[in-house]
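Residue numbers (the numbering used here): 11 to 311. C-beta: ideal position from N, C-alpha, C; glycine also. Keep in mind it's a predicted model, so treat the numbers as computed, not measured. What follows is a short report on a single structure.
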Ligand code: GLN
């Protein structure tokens, strides 16, 4: 029997709840919106509307995938992050809300640079680097929210680079965001220097990785999540390397996992090139970003 939008949502919510989803109503709404090719608010405008057979079949297919713990963002193929909508595939980590904190810090750093006025008149163009860009979420959000910055964004995964490039092109930001294949800082031209380096590297420790929920561990790229035994492997390469890649007064800002901020600040101190590092908490109150400015003695070698 043909179901209305509200019937379908009610039945799907119960079914997803029974199959273990933590946000069954939200999942059902997002998936039904996708099955109908509309946005979520459209569902509430006409809750009595009867689904077509095609919409119903599509919705059922999505629900079966969700029951197998596939993340909603992969089923839909896209995910919102700050003001932009990004294509996501299993080649890239799904952008997380806590990563918006890193974007906040980065925007503040950019705003404090020689100034939009200077950039507008062509005398100064801030250049930022996003290491391990994945979907491109950080680099593209920065470009979308700061009209002056230019960015280089790298990823070691070719498949991720392709997703990020498609996102840049679709958002009309390809002119200011140069997405390149490369391993951390290793493949950059030797003379390239940046005002800001940002990164959300893989930082989940081995034991926690094994205990991750199935929807993350079985679907999202291990390469983007697993940070070695203690989760800090990538910071150990990235932090010392960054010092030589920053312009005078440049800033390194990295996302960190819960409980890692002090260790990552210590890695910045050990690099011997930064002023004392600072922390910024995410909306849940967890220290989530560590950032440090190059000390004046070091001018990016
Ligand atoms: N915040 C992500 C998670 O907990 C991890 C992201 C990362 O390793 N950079 O799933």
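task: State the Cα-Cα distance for the pair residue 143 and residue 42, rounded to the nearest angstrom.
output: Whole-angstrom Cα-Cα distance: 30 Å.
message: Just to confirm the assignment, what range does the beta strand (DSSP E) spanning residue 187 have?
response: 187-191 is the extent of the beta strand (DSSP E) around residue 187.
task: Count the other C-beta atoms from every protein chain shown that fall within 10 angstroms of the C-beta of residue 269, then say buried if there are 16 or more, exposed otherwise.
output: Under this definition residue 269 is an exposed residue.
Separation of residue 80 from residue 225, as counted between CA atoms: In a straight line, the C-alpha of residue 225 is about 6 Å away from that of residue 80.
Pair within 8 Å by beta-carbon distance, residue 68 and residue 45: At the C-beta level, residue 68 and residue 45 come within 8 Å of one another.
field: Under the three-state DSSP convention, the category residue 274 falls into
entry: Here residue 274 sits in helix by DSSP.
- request: Pick helix, strand or coil for residue 93, following the three-state DSSP scheme.
  value: DSSP places residue 93 outside both helix and strand once states are collapsed to three, so it counts as coil.
- prompt: With respect to the alpha helix (DSSP H) encompassing residue 284, which residues constitute its N-terminal and C-terminal limits?
  reply: For residue 284, no alpha helix (DSSP H) encloses it, and the DSSP letter there is neither H nor E.
task: Consult DSSP for residue 56 and reduce its assignment to one of helix, strand or coil.
output: Coil, per DSSP.
- prompt: Buried or exposed: which applies to residue 311, given that a residue is buried once 16 or more other Cβ atoms fall within 10 Å of its Cβ?
  reply: Confidence at residue 311 is low in this model, with a pLDDT of 48, below 50, so the placement of that residue is unreliable and no value is reported for it.
message: Can you look up residue 308 in the DSSP assignment and give me helix, strand or coil?
response: Coil, per DSSP.
query: Beta carbon of residue 271, beta carbon of residue 249: below 8 Å?
result: 8 Å or more divides the Cβ of residue 271 from the Cβ of residue 249.
task: Out of 82, 214 and 174, point me to the one whose CA is closest to residue 234's CA.
output: Just measuring C-alpha positions, the residue of 82, 214 and 174 sitting nearest residue 234 is 214.
- prompt: Exposed or buried, residue 145, counting other C-beta atoms within 10 Å across all chains shown (16 or more means buried)?
  reply: That one is buried.
- prompt: Between residue 238 and the rest of its own chain, which residues show a CB-CB distance below 8 Å, the 5 nearest in sequence each way excluded?
  reply: Correct list, in chain order: 215, 216 and 244.
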